[in-house]
Amino acid sequence: MPRLNPHPQPSPRGRGSLTLPYSETFKDHLANPRNAGELADANATAEQTNPVCGDRLRLSLRLRDGRIEAARFLAYGCPPTLACGSVLAEMIEGMKVEDAVKLTRKEIADALGGLPTRKHHAAALAIETLRAAIEKDCL
70 MPRLNPHPQP SPRGRGSLTL PYSETFKDHL ANPRNAGELA DANATAEQTN PVCGDRLRLS
130 LRLRDGRIEA ARFLAYGCPP TLACGSVLAE MIEGMKVEDA VKLTRKEIAD ALGGLPTRKH
190 HAAALAIETL RAAIEKDCL
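119 is the number that my numbering gives to position 50 of the sequence shown; each next residue is one higher, with no gaps.
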């Protein structure tokens with residue numbers, strides 16, 4: 070199984086999906102991912118895999134006093150998975166944990182300027198990974 074990439078790039082199988090209509094925000098997160106990499110002092114982590122396409126997302130969080138102080142992600146998969154990991158990690162830094170667990174895949178997709186319907190699995194994977202990290206380590 071391929072290693073999660075600290076410098077996310079689309080997997081070879083995912084390159085064709087850039088022919089779909091994506092926003093400039095999406096393209097920016099893909100070209101310049103935010104918060105990619107490992108978080109050495111994380112106290113909440115999770116890794117989830119989409120069982121259909123095999124995309125993987127790992128999220129590392131540093132939680133303190135009910136807030137997400139820092140967030141980092143590693144991803145392997147299609148461009149939307151990488152962009153969703155990036156926007157999620159950016160969105161949740163500084164957020165209260167109780168608010169973060171209420172985020173929806175629609176909010177992730179909207180933060181990227183929308184996603185084609187058939188790519189919403191990437192936003193769902195981001196939310197599932199976030200909830201898994203929080204539920205596993207602090208709820």
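Glycine residues also receive a C-beta, built at the ideal position from the N, C-alpha and C atoms.
First and last residue of the alpha helix (DSSP H) that includes residue i?
i	result
L143	No alpha helix (DSSP H) contains L143, which is instead part of the beta strand (DSSP E) from R136 to Y145.
D97	E93 to A100
Relative to the ligand COA, is the shortest distance from any of its heavy atoms to the C-beta of residue i smaller than 7 Å?
i	result
E197	With respect to the ligand COA, the structure offers nothing, as it holds no ligand at all.
Specify the secondary structure class of residue i as computed by DSSP and reduced to three states.
i	result
E176	helix
A109	coil
G154	helix
R200	helix
Looking at the strands, I want to know which residues DSSP matches up with residue i.
i	result
T114	S129
K165	R136
Does the Cβ of residue i have 16 or more other Cβ atoms within 10 Å, making it buried, or fewer, making it exposed?
i	result
S92	exposed
Among residues of its own chain, excluding the 5 on either side of residue i, which ones have a beta-carbon nearer than 8 Å to its beta-carbon?
i	result
R136	G163, M164, K165 and V166
Identify, in the order they occur along the chain, each residue of the same chain with its Cβ nearer than 7 Å to the Cβ of residue i, setting aside the five sequence neighbours on each side.
i	result
V170	R200 and I203
H98	A152, S155, V156 and L181
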